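Asker: Going left to right, the sequence shown walks through residues 531 to 845 as my numbering numbers them. For each residue, glycine too, the CB sits at the ideal point set by N, CA and C. Fair warning: this is a prediction, and the values are worked out from it, not measured in the lab. Mind having a look at this structure? Questions to follow.
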Amino acid sequence: MSQQLPDVQASSPDVTVGLNRVGVTGVEKLVKLGRRDRDPIVLMAEFEVFVDLPSWRKGADMSRNMEVIDETLETAVSEEAYRVEDVCGDAAELLLQKHDYTTKAEVRMEAEYVTHERTPQSDVATQSTADIIASATATEDGTSEEIGARVTGMTVCPCSQGMSAARARQTLRGMGVEDEVIDEFLEEMPQAGHSQRGHATLTVESDGAPEVDLNELIEVARDSMSARIYNLAKRPDEDHMTYEAHKDAKFVEDCVRALADGVVDRFPDLADDAIVTMKQSNDESIHQHNAHAERVAKLGDLRAEVTADEATADD
531 MSQQLPDVQA SSPDVTVGLN RVGVTGVEKL VKLGRRDRDP IVLMAEFEVF VDLPSWRKGA
591 DMSRNMEVID ETLETAVSEE AYRVEDVCGD AAELLLQKHD YTTKAEVRME AEYVTHERTP
651 QSDVATQSTA DIIASATATE DGTSEEIGAR VTGMTVCPCS QGMSAARARQ TLRGMGVEDE
711 VIDEFLEEMP QAGHSQRGHA TLTVESDGAP EVDLNELIEV ARDSMSARIY NLAKRPDEDH
771 MTYEAHKDAK FVEDCVRALA DGVVDRFPDL ADDAIVTMKQ SNDESIHQHN AHAERVAKLG
831 DLRAEVTADE ATADD
């Protein structure tokens, strides 16, 4: 007869301090994302799974919990889903049921998502990628879910561009060109500015599943920067992207504000208490550091701010 091994994890810790998040990261699972009247998309998703730990318990039974987590995720991803955030929500709720000592369960998922589009000038079929971000938090009071994406684009620095425009104006004046002609030229032909590869992150969180479409969130994020970029680009496409980016030069702060404006415009029926997270990070080309800006706010607050800006602009 085998001797029962002691359950050390259930004993009291030497220091009775509770922990907010205990769990596992890097759990890979296939997720089948359904599409009406079309074949489903299969994603290779990576999950992070956490529960809270009370002060009186030494550990979270990590090896045993991995079985529970694996079983929970297998249950959540075994059937075709139309919302990846619901996969996280189902998993979080199951974890909460299976742990009698926890009051909160969190599940976070990221996966690469491919969209099909055509290049802006040569009209050639190509693909673009976005990182899906989904999460859910389950408590006795209910479950909140989050959905969004991180996309890559191009930005141009307005300050750098302004210096180039001043240099161009000075040079043209020295060549005897009239100021009226210079103004017309600079309006039509944006000047050089240092460019960056930008990374926009946009997510929406609400009680239950947010009433937003993932593809629309991706579109808002891609439109928030100076220009979109494409995996395939022929020379006419490269010229188009360069021109468009310099026509719409944006600071990193401007990109976050563009995200806010896009969410308010694109989702008029979304509840005011939905939490919107907006981040922009730019890989600087002329500095060794990078630029970053972000805002987290209730949608109702963003609506009030954007509406106030529009009213001021109309005056």
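1) Tell me which residue opens and which closes the beta strand (DSSP E) that residue 643 is part of.
2) Considering only C-alpha positions, which residue in the set 613, 778, 556 and 687 is nearest to residue 814?
3) Residue 748 lies in the alpha helix (DSSP H); which residues open and close that run?
4) Along the chain, which unbroken stretches of the alpha helix (DSSP H) at least 4 residues long are found entirely within the stretch 736-824?
5) Specify, as a first and last residue, the run of the alpha helix (DSSP H) that residue 567 falls within.
6) On a Cα-Cα basis, can you pick out the residue from 618, 580, 550 and 567 that is closest to residue 561?
7) Measure the alpha-carbon distance for residue 733 versus residue 811 and round it to whole angstroms.
8) How would you write the range of the beta strand (DSSP E) that residue 657 sits in, first residue to last?
9) Where residue 538 and residue 676 are concerned, what is the direct C-alpha to C-alpha distance, given to the nearest angstrom?
10) For residue 628, which residues does DSSP report across the bridge?
11) Drop a sphere of 10 angstroms on the beta-carbon of residue 816, count the other beta-carbons inside from all chains shown, and report buried for 16 or more, exposed for fewer.
12) Starting from residue 692 and walking both ways along the alpha helix (DSSP H), at which residues does that stretch end?
13) In the DSSP assignment, the alpha helix (DSSP H) including residue 711 goes from what residue to what residue?
14) Do the stretch 791-804 and the stretch 759-776 meet, that is, are 3 or more Cβ pairs less than 8 Å apart?
15) Would you call the stretch 699-718 and the stretch 779-789 touching, i.e. three or more CB-CB distances under 8 Å?
16) With DSSP as the reference, please indicate the residues paired to residue 731 in a beta bridge.
17) May I have the straight-line CA-CA distance separating residue 778 from residue 554, to the nearest angstrom?
18) Going by beta-carbon coordinates alone, are residue 834 and residue 741 separated by less than 9 Å?
Answerer: Reading it off the structure:
1) 634-648
2) From the listed residues 613, 778, 556 and 687, the smallest Cα separation to residue 814 is found for 687.
3) Note, residue 748: alpha helix (DSSP H), 744-753.
4) 744-753, 765-777 and 782-796
5) That residue, residue 567, is in no alpha helix (DSSP H); it is neither H nor E in DSSP.
6) By alpha-carbon distance to residue 561, the top candidate from 618, 580, 550 and 567 is 618.
7) 15 Å
8) 655-669
9) Annotation note: pLDDT 45 at residue 538 (below 50); position unreliable, coordinate value reported separately. The straight-line gap from Cα to Cα measures roughly 35 Å.
10) Partner(s): none; residue 628 has no beta bridge.
11) exposed
12) 688-704
13) Unbroken alpha helix (DSSP H) run through residue 711: 709-718.
14) no
15) no
16) Answer is 680 and 809, bridged to residue 731.
17) 43 Å
18) Between residue 834 and residue 741, the gap from beta carbon to beta carbon reaches 9 Å or more.
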